[in-house]
Amino acid sequence: MSDLKTAALEYHAHPRPGKLSVELTKATATARDLSLAYSPGVAEPVREIGRDPELAYKYTGKGNLVAVISDGTAILGLGNLGPLASKPVMEGKGVLFKRFAGIDVFDIEVDSESPQAFIDTVRRISITFGGINLEDIKAPECFEIEKALIEQCDIPVFHDDQHGTAIVTAAGMINALEIAGKTLETAKIVCLGAGAAAISCMKLLVSMGAKIENIFMIDRSGVVHDGRTDLNQYKAQFAHTTDKRTLADALEGADVFVGLSGPNLLSAEGLKSMAANPIVFACSNPDPEISPELAHATRNDVIMATGRSDYPNQVNNVLGFPFIFRGALDVRAKRINEEMKIAAANALRELAKLPVPQEVCDAYGGIALEFGREYIIPKPMDARLLGLISDAVAKAAIESGVATLPYPKHYPLKSVDEVFNG
Numbered sequence: 001m002s003d004l005k006t007a008a009l010e011y012h013a014h015p016r017p018g019k020l021s022v023e024l025t026k027a028t029a030t031a032r033d034l035s036l037a038y039s040p041g042v043a044e045p046v047r048e049i050g051r052d053p054e055l056a057y058k059y060t061g062k063g064n065l066v067a068v069i070s071d072g073t074a075i076l077g078l079g080n081l082g083p084l085a086s087k088p089v090m091e092g093k094g095v096l097f098k099r100f101a102g103i104d105v106f107d108i109e110v111d112s113e114s115p116q117a118f119i120d121t122v123r124r125i126s127i128t129f130g131g132i133n134l135e136d137i138k139a140p141e142c143f144e145i146e147k148a149l150i151e152q153c154d155i156p157v158f159h160d161d162q163h164g165t166a167i168v169t170a171a172g173m174i175n176a177l178e179i180a181g182k183t184l185e186t187a188k189i190v191c192l193g194a195g196a197a198a199i200s201c202m203k204l205l206v207s208m209g210a211k212i213e214n215i216f217m218i219d220r221s222g223v224v225h226d227g228r229t230d231l232n233q234y235k236a237q238f239a240h241t242t243d244k245r246t247l248a249d250a251l252e253g254a255d256v257f258v259g260l261s262g263p264n265l266l267s268a269e270g271l272k273s274m275a276a277n278p279i280v281f282a283c284s285n286p287d288p289e290i291s292p293e294l295a296h297a298t299r300n301d302v303i304m305a306t307g308r309s310d311y312p313n314q315v316n317n318v319l320g321f322p323f324i325f326r327g328a329l330d331v332r333a334k335r336i337n338e339e340m341k342i343a344a345a346n347a348l349r350e351l352a353k354l355p356v357p358q359e360v361c362d363a364y365g366g367i368a369l370e371f372g373r374e375y376i377i378p379k380p381m382d383a384r385l386l387g388l389i390s391d392a393v394a395k396a397a398i399e400s401g402v403a404t405l406p407y408p409k410h411y412p413l414k415s416v417d418e419v420f421n422g
């Protein structure tokens, strides 16, 4: 761990601090170039945009620019360390946007005294961008913030801690259920955790066919049920009549366990009490709710996923957000709606069933990758993610009426280069 700490600090500090820079996209070699880039030439696009604001997409980088914004109240698993401490994460998010989908990013850290102050700040600067990715904002404030900004901005606003996790989880879970011979409609699901990611995961699963009466959400006070009077409006959506009160009660005969909580909270005894072919998504990072070693030693029929890259079936948000924004930006969607999220999840789960190119296997040490218990979710280095997910999201935006541009001529994409040269 000390070696990782040293390497990570060195990586961020040298040869220059940080992970992002601004690049020039036009020639600046001559006096004429500079006169076009700035005064007097710059006055011409200014006049055009003043006449028609939509022309900002033609004459500026707005259409390919996403703001990654945080208040630092829920940084990774580290908690509320403040907005400035969130900057390395926001820069890192920018790296992933650029690396996987060719999207430019400004990271913005907001020192706000209240959710409303944060909302007001982001709304006022939103015209700069083609989309907004909210990040590392604590629950339940994150729900209020995202809802308000979706209503007040005319560009996509997406809280990735909620929806990115939900989309990847849904894709992997439906594949796991298929392998286990089960269906989402009938599966009994236990969700340990009731924060932003947990609530959004369960909401998306319901949108895709899961039944609320089959979902047992558990917070620090036990099972969320309709007899409790301490539930906020977001948890209350999952309250129903049940005599189950503890995690152990809920696990009895359960088909699925989803952990979005903390380390070592699922015991071997709890896993033993689950149904045949149990599906365990233990997504607490870096230490999952149950280690894969213990899970497999306890049940040889378990299908296991974690949030870690050193085990099979990593639930990794990078499988979603770059390509979701790519599709949304390319049809100039006004928002990212439920139809687009479902389309992304379905595209992701179908990709896992396709033969895996050798270059992807080589990127992961030459291991054989084939749809099955240890490969229910694609790998982030699979170049097909860009084409398949962006295409599905763009089509869903058009079909659901939130797109303002037609299907792009250069779709479906095969590489980031096609974004700019298609």
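Counting along the sequence shown from 1, when you hit position 55 you're at 55 in full-length UniProt numbering, and nothing is skipped either side. Positions of the beta carbon are idealized from the N, C-alpha and C atoms, including for glycine. Everything numeric in this text was worked out from a predicted model, so none of it was measured.
8 Å Cβ cutoff met for residue i and residue j
{"i": "Leu192", "j": "Phe257", "result": "yes"}
{"i": "Thr242", "j": "Phe216", "result": "yes"}
{"i": "Gly209", "j": "Glu185", "result": "yes"}
{"i": "Val224", "j": "Thr246", "result": "no"}
{"i": "Ser415", "j": "Phe323", "result": "no"}
{"i": "Gln162", "j": "Ala196", "result": "yes"}
{"i": "Asn175", "j": "Val68", "result": "no"}
{"i": "Ile145", "j": "Ile119", "result": "yes"}
{"i": "Val302", "j": "Val280", "result": "yes"}
{"i": "residue 436", "j": "Leu294", "result": "No answer is possible for residue 436: it lies beyond the span of the chain, which begins at 1 and ends at 422."}
Which listed residue (the options) has its alpha carbon closest to that of residue i
{"i": "Gly253", "options": "Ala276, Asp310, Pro312", "result": "Ala276"}
{"i": "Asn346", "options": "Leu388, Asp382, Pro357, Val318", "result": "Leu388"}
{"i": "Pro278", "options": "Ala392, Asp382, Thr73, Lys182", "result": "Lys182"}
{"i": "Ala139", "options": "Leu354, Asp71, Ile189, Leu36", "result": "Asp71"}
{"i": "Val190", "options": "Ala282, Leu24, Ile108, Phe143", "result": "Ala282"}
{"i": "Ala250", "options": "Ser273, Tyr234, Ala236, Gln152", "result": "Ser273"}
{"i": "Ser200", "options": "Ile342, Gly82, Pro292, Ile155", "result": "Ile342"}
{"i": "Pro17", "options": "Lys87, Glu54, Phe100", "result": "Lys87"}
{"i": "Lys409", "options": "Val402, Glu418, Ala403, Gly401", "result": "Glu418"}
{"i": "Arg124", "options": "Asp154, His14, Glu54", "result": "Asp154"}
{"i": "Met340", "options": "Ala29, Gln116, Gly401, Pro15", "result": "Gly401"}
Burial state of residue i, where buried means 16 or more other Cβ atoms lie within 10 Å
{"i": "Gly102", "result": "buried"}
{"i": "His159", "result": "buried"}
{"i": "Ser261", "result": "buried"}
{"i": "Leu354", "result": "exposed"}
{"i": "Val46", "result": "exposed"}
{"i": "Lys203", "result": "buried"}
{"i": "Ala156", "result": "The residue you asked about is not Ala; residue 156 is Pro in the sequence shown. It counts as buried."}
{"i": "Glu289", "result": "buried"}
{"i": "Thr298", "result": "buried"}
{"i": "Gly94", "result": "buried"}
{"i": "Leu271", "result": "buried"}
{"i": "Asp310", "result": "exposed"}
Sequence-distant residues of the same chain with beta carbon closer than 8 Å to residue i, five excluded per side
{"i": "Asp33", "result": "Lys26, Ala27"}
{"i": "Val206", "result": "Ile212, Ile215"}
{"i": "Leu76", "result": "Val89, Asp136, Asn285"}
{"i": "Val315", "result": "Thr165, Val168, Thr169, Gly172, Phe281, Cys283, Ala305, Thr306, Gly307, Ile377"}
Contact set for residue i: own chain, Cβ-Cβ below 7 Å, skip 5 residues either direction
{"i": "Arg384", "result": "Leu351"}
{"i": "Ile367", "result": "Cys361"}
Minimum Cβ-Cβ distance from residue i to chain D less than 8 Å
{"i": "Gly131", "result": "Of the chains in the structure shown, none is chain D; there is only one protein chain."}
Same chain only: Cβ atoms within 6 Å of residue i, ignoring 5 sequence neighbours per side
{"i": "Ala394", "result": "Gly327, Asp330, Val331"}
{"i": "Thr73", "result": "Asn80, Ile137, Lys138"}
{"i": "Asp287", "result": "Pro263"}
{"i": "Ile108", "result": "Ala67, Ile69"}
Near the ligand MN: residue i beta-carbon under 7 Å from a heavy atom
{"i": "Ile336", "result": "Looking for the ligand MN in the displayed structure turns up nothing, as the structure carries no ligands at all."}
Runs of alpha helix (DSSP H) wholly within the segment 312 to 355 (minimum 4 residues, chain order): 321 to 330, 338 to 351
Which runs of the beta strand (DSSP E), 3 residues or longer, sit entirely within the segment 269 to 301? Counting only runs of 3 or more, we get 279 to 282.
Restricting to runs no shorter than 4 residues, where is the alpha helix (DSSP H) found entirely within the segment 392 to 422? DSSP runs (the alpha helix (DSSP H)) wholly in the segment 392 to 422: 416 to 421.
Any chance you could list the alpha helix (DSSP H) runs of at least 4 consecutive residues sitting entirely within the segment 149 to 186, in chain order? 160 to 179
If you scan the segment 202 to 227 from start to end, which runs of the beta strand (DSSP E) of 3 or more residues do you find wholly inside it? 215 to 219
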